[in-house]
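Notes to accompany the following structure.
Protein chains: 2
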Amino acid sequence: MNKQGVDKKACFFNTLRVLDSQAAPFFAAKRHRGWVRRTPAKRLRGRPRRALCFLLLSLSILSCAATEELKLNLMPFPAEVEQKDGKFRLTEAFTAAVKGPLPDRVSRAAARMLHRLSGRTGIFFSQGTVPSGGDWDSAGLGLIYEKPGRLKVGEDESYILKVAANRIIILGKTGTGILRGLETFLQLLSTDEAGYFFPAVLIKDRPRFTWRGLLIDAGRHFLPVEVIKRNLDGMGAVKMNVMHWHLSEDQGFRVECKSFPKLHKLGSDGFYYTHEQVKEVIAYAADRGIRVMPEFDIPGHSTSWLVGYPELAAAPGPYKIERGWGVKDPTFDPTRKATYKFFKKFFAEMSALFPDEYMHIGGDENNGKQWNANPKIQAFMKKNNIPGSHALQAYFNKKILKILQKYGKKMVGWDEIFQPGLPKDIVIQSWRGQKALREAARKGYFTMLSNGYYIDLCQPTDFHYLNDPIPADSPLTAHEKKYILGGEATMWGELISVETVDSRVWPRTAAIAERLWSPGSIKDVDDMYRRLEKISLQLEELGLQHIVNREMMLRRLTGGLDTGPLKVLVDVSEPLKIYNRHRQGVVYTQYSPLTRVVDAAVPDPKTVREFRRRVELFLRDKSDKKKEKCLRKQLVTWRDNHRELKKIIDSSPVLKEIEGLSGALSRAAAVGLEALDFIVSAEKKSGPAWIKVQKEILKKAALPRGHAELMIIPAIGKLVKAANR
Amino acid sequence: MNKQGVDKKACFFNTLRVLDSQAAPFFAAKRHRGWVRRTPAKRLRGRPRRALCFLLLSLSILSCAATEELKLNLMPFPAEVEQKDGKFRLTEAFTAAVKGPLPDRVSRAAARMLHRLSGRTGIFFSQGTVPSGGDWDSAGLGLIYEKPGRLKVGEDESYILKVAANRIIILGKTGTGILRGLETFLQLLSTDEAGYFFPAVLIKDRPRFTWRGLLIDAGRHFLPVEVIKRNLDGMGAVKMNVMHWHLSEDQGFRVECKSFPKLHKLGSDGFYYTHEQVKEVIAYAADRGIRVMPEFDIPGHSTSWLVGYPELAAAPGPYKIERGWGVKDPTFDPTRKATYKFFKKFFAEMSALFPDEYMHIGGDENNGKQWNANPKIQAFMKKNNIPGSHALQAYFNKKILKILQKYGKKMVGWDEIFQPGLPKDIVIQSWRGQKALREAARKGYFTMLSNGYYIDLCQPTDFHYLNDPIPADSPLTAHEKKYILGGEATMWGELISVETVDSRVWPRTAAIAERLWSPGSIKDVDDMYRRLEKISLQLEELGLQHIVNREMMLRRLTGGLDTGPLKVLVDVSEPLKIYNRHRQGVVYTQYSPLTRVVDAAVPDPKTVREFRRRVELFLRDKSDKKKEKCLRKQLVTWRDNHRELKKIIDSSPVLKEIEGLSGALSRAAAVGLEALDFIVSAEKKSGPAWIKVQKEILKKAALPRGHAELMIIPAIGKLVKAANR
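And the structure:
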């Protein structure tokens, strides 16, 4: 892992050498035809690639109506992109062929590609499957690779994608590289007046980090197999390669356990994955080049285990499945032999079920209360010179580590497991942040970053996007940096349901995927948002519900009435961020409805970003009538929306809680309109009294209502500030 | 089956007697409080119940803006409904309790009910599960039943639902009855200014037919488990009780077969249900009171079987999975012993896997070509005095029947299997229609109707709704009618995908469900459509994608541009009906994209129905300015839509094929506007030349384009006719 994880570049150029010789005839032919290298592309070849980002920067938001330019909508953006002249036309005659060892996985991926391409274009291809041994010479798309590829940390995922007017080739050292290249290929599809085409391009691509994960918490709210699968599809589309499956929590034990069947039978309310389903998910993930790493969170976060096996707890039972959220007391007793006997058998079963080389044992947020209150445990600690709960947990971890090693697994855990004396092949997942990450790396431990990627906290995409596991100013040495394997977005499950989970994961996670795949120099936020819009629509094709479910939820909320006015409000509202939803005087539990306006609202809505930008641009040039008109139109819509929405609220009691939010939007928009009048008027002056009143109105409008908040208040505040003269 | 199938009424009143005594204290208390029976309700008690339908008739379409009246939005409409005074208020304190034998299934259904109720209302109930032995006395909703219930033809599914201001009780003879009652209960939820409530009501309900099915064809296009499950949820919501799972076709063999693994390994492209998945689906269906009847279509429609086992075919192989549609030649050889040896082992496995007492063997559309061309088969027929293909198939069926009987199964097949000498416990499924149905019933064979319920043919809801297995004027005797068990909607799979299947099944199937459950006298089409709108939204709550997927498809079709103009067009378009999509010069195969405008269009769109009705109402009273304005507004929207849509078409090649359709809508709307001018003008006269030209324009506008057609042409034609003076 070490070598592969570090020496990616050398590794990639090896690939190139090997494949270039294999594909020589094709490339030679292309070269003879004399591709013209465009000047902008030339400029883009060296690093840093910021110039590229500026070129790609969307200008569409400068006017009300978006104007389209020919740009590459790739995400994650590849390491090297060289645009060429020419277009490969997509027609009914298009076929694909594959050359490589054990081609089943690549063949299946190619068949899915055909299906997606046909679905997007409506073209009736004659080909529906891409078996090995198909007609290579006539194939419009050739897939060629050297090794099947393994699902391992450090795997070579590089590929070269070459589009010429008469042929497309994707070259990879491994089949995994081909999977990554196919996703780039699908993102390249473009249109012009003559139809669909792929622009001529030479892409050389490889990941910056080898661990690009998404944690899915199925413990708190169970997520059926199809939810996992469609998210795996989404991950594959943005080249992520680890699904970290959080499978046990105080609120649920989610895997069938044949050794200890009371785990799933008594700890899950019947909502668990069978062995066969687990295998199905693992195979599905593998087909998309994604490892599945299970997490069984111990010794805390374990109430659901103890329902069936109370004798293993550090305090007498009985236990029942926890329904509330937060850090709970129930914990395994780390001093009893029976506990390790249990885990030995348990991990024997789970190590066989989950083939990944890593096993995540959680290890977070054990409050130590049960341990402190148990005299036997206290006596044990005294006898064994264990000074406190942390040390006792380290003792526990070492025992568990031995069990895992016995079954050939490497241990992964949260920051808390990081204790002296652990072997160097474990991986620390950092929820604490850069400091903890660096500390581990300096001591020669592998780490990955999750702090800053907590997508459950409903923070904006650019916050996550700019969160780099190895920022440009990192104080780490080149050697130390090798220990930072990548990162994981974490979809914690307190406030998600089958209906909403996709809208919490996507599209923001695509930006995290880019952070972990693309060169660190690619970090233009505007361009990221421009591409994200496109990618978000393509994610829908895979069955992800992140856009449609909002529409369904709005229909339910209005009871079948016009959803328009509610949508206007939801488009400028966000769920309360961080942990603020839990501080509104309502206690959320596993049974709480996640179907309210706050759940239909999404983090970082486009309307808000666009308004913010429009205000900025207007304030730079206040005489621009078009920009003013644009702003005014938007503000009038918001001001007048409450009148319409009020009627709907009156017939739909579930909306009562957002009546205040709707009124606040109306009032805030009115403030904005008045400010606009002052700004553009040669005569009218606002005066300090007016300013004071408006600020007060905006302050009140910014308050949370129905666990949501209006996100356009700061931008309106800027208008008020500008009106101050 | 016979007795139960027939004597439902007696059976139901037995239930009443038993439960009345059990629930005596509750009912006694209610009676003492002196419920007031409303006059309209009184009038509605006797049959026919047409009066009820008239009362419930929606008047909303009389004006542009819908006006809401308090009506019961129940579907299927119950057999007896008596409205009372009073409201049961839904609050956070609401709880449910269950009393009955083996309450697991009912408990789970009650927990799902709580989840749905909480989801719809946003109310935070403290209760999340409804275990047996909960607090009965304080429960707002009590569920009480006598027997667990079995998944059998003739099962008692009756229930009584009594809502009083302080308590709700659902009584059933069986747990299945409780499941049915819970769905009615959820449909009863109403709102007023004070919040959510259930209106006081006494409902006594039971099904008219015991077999209310939906055939899902997973053979032609594979449908993953989650698609099956969400459709089972939909079926449960409208009280359907048979999922007829069409599991083998020329294009795919869809079940893991342990006895003959080449069936699924070579015959499915990897798309099949494992045994565990089949069991999962059966358990899921059982939880919703739904039987799962598998269909293995033999001896024809069997190409996919013969890929792995060509030696069983009536002509030499090799075979490959069929990709085209239609009636194909490959057929089992019915003259060889090996064939029956194969089926003996095959049905041994499948009979154990599928617990339902019925096994469907298809038996349809064997063209006999392979049999006629095979000299050995011809010799066998001669030797055994078998006069032709039909007789040979009868011979085959009898042999298969014996095998099924050995495994305790009753045989079901399509019309074609109906041959003299079959035992009387088989069931004939009629795709041919009433005549075949009656013929079988007269001869004492059980039958069920599918003719008229072919939902794949994209016909309007009312066509299916008014298709009664036993119409009021049926010439059958009371005794003969007993043999008609019910019917099945058939979702054949040539032109459906995971994305579109729900929109082809729902909401139309809810109307078929009502036909099969509710008294035959309930057949008011307008009222059906009014309730269908509401039920359709509730079906969304269950995860059905019939509404949202259109929105997603429109987004993909426009490549992320505004979907509004395309929606205007799609709202008045329908897929070509019956088998006309196959007659447009394009050959559909298993690989064809089902993502085009025609696939996003749905049968029987609401906009068309409303326009048709508005034209009718306007033509009844041409001086009504409001109605005229309303029509004019709609026509102007359509006329001007093409200008906007054209821009989107120009940037999205997949839309090119509907440019003509969009232009035709514009021209047809212009015709309508001109006609409107003539109609309301005192001076202007149209004249025969104008009429002729307009009729020609409309005729051309009605032509199919992009495999879709405009549905508003006849209504515009009426305007033209009315302008003729």
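One line per chain: the protein sequences are A and B, in this order.
For this note's numbering, count along the first sequence from 1 and bump the result up by 69.
For this note's numbering, count along the second sequence from 1 and bump the result up by 69.
C-beta atoms are modelled at their ideal positions from N, C-alpha and C, and glycine is treated no differently.
Listed in chain order, the positions of the stretch 246 to 266 of chain A with a beta carbon within less than 9 Å of a beta carbon of chain B are T260, D261, E262, A263, G264, Y265. Judged by DSSP secondary structure, Y523 (chain A) falls outside any alpha helix (DSSP H); it is assigned neither H nor E.
Look at Y342 (chain A): its C-beta is not under 9 Å from any C-beta on chain B. M304 (chain B) and N310 (chain B) have their C-alpha atoms roughly 7 Å apart. Rounded to whole angstroms, the separation of the alpha carbons of W500 (chain B) and Q488 (chain B) is 16 Å. The beta carbon of V655 (chain A) sits closer than 9 Å to some beta carbon of chain B. Taking C-beta atoms as the reference points, P399 (chain A) and D484 (chain A) fail to come closer than 9 Å. Sequence-distant Cβ neighbours of G786 (chain B) in its own chain, meaning closer than 6 Å and more than five residues away, are L767. Taken in chain order, the complete alpha helix (DSSP H) segments of 4 residues or longer contained in the stretch 208 to 290 of chain B are 244 to 257. In the three-state DSSP reduction, I367 (chain B) falls in the strand class (E or B). At a cut-off of 9 Å between C-beta atoms, E610 (chain B) counts as an interface residue with respect to chain A. Residue pairing by DSSP places Q498 (chain B) opposite B:W483, B:M517 in a beta bridge. Looking at the DSSP output, L779 (chain A) shares a beta bridge with A:S642.
Under the Cβ distance rule, L292 (chain A) does not count among the residues neighbouring chain B, no pair being separated by less than 9 Å.
Per DSSP, the beta bridge partners of Y427 (chain A) are A:K479. Secondary structure at H615 (chain A): coil, using DSSP grouped into helix, strand and coil. Following the DSSP letters along the chain, one finds G729 (chain A) inside the alpha helix (DSSP H) bounded by residues 728 to 749. The alpha-carbon of Q447 (chain A) is positioned some 23 Å away from that of W374 (chain A).
For I616 (chain B), a Cβ of chain A is located within less than 9 Å of the residue's own Cβ.
Identification of chain A residues near F194 (chain B) by a Cβ-Cβ cut-off of 8 Å yields Y660, ordered along the chain. Sequence-distant Cβ neighbours of S735 (chain A) in its own chain, meaning closer than 6 Å and more than five residues away, are R708, H711. Counting only Cβ-Cβ distances below 7 Å, V723 (chain A) has contacts in chain B at T190, G191, in chain order.
For T664 (chain B), at least one C-beta of chain A is nearer than 9 Å to its own C-beta. Close to S187 (chain A), with beta-carbon spacing below 9 Å, are these residues of chain B in chain order: Y660, S661, P662, T664. Here T530 (chain A) is buried: its Cβ has 16 or more other Cβ atoms, across all protein chains shown, within 10 Å. Per DSSP, K551 (chain A) has no beta bridge partner at all. When secondary structure is reduced to three states using DSSP, Y657 (chain A) falls in the coil class, being assigned neither helix nor strand. L171 (chain A) is classed as exposed because its beta carbon has fewer than 16 other beta carbons within 10 Å across all chains shown.
A residue is called buried when at least 16 other Cβ atoms come within 10 angstroms of its Cβ; Y648 (chain B) does not meet this threshold and is exposed. Contact annotation: the stretch 634 to 652 of chain B touches the stretch 665 to 672 of chain B, with at least three C-beta pairs closer than 8 Å. For D356 (chain A) against R177 (chain A), the beta-carbon gap comes to about 6 Å, under 8 Å, which counts as contact. Just so you know, the alpha carbons of E349 (chain B) and L283 (chain A) end up roughly 28 Å apart. If you ignore the 5 residues before and after F163 (chain A), its C-beta comes within less than 7 Å of the C-beta of F194, G209, all in its own chain and listed in chain order. For Q152 (chain B), the enclosing beta strand (DSSP E) starts and ends at 149 to 158. Under the 9 Å criterion on CB atoms, Q462 (chain A) is classed as non-interfacial with respect to chain B. Taking a Cβ-Cβ cut-off of 9 Å, the neighbours of D338 (chain B) in chain A comprise A180, G197, T198, given in sequence order.
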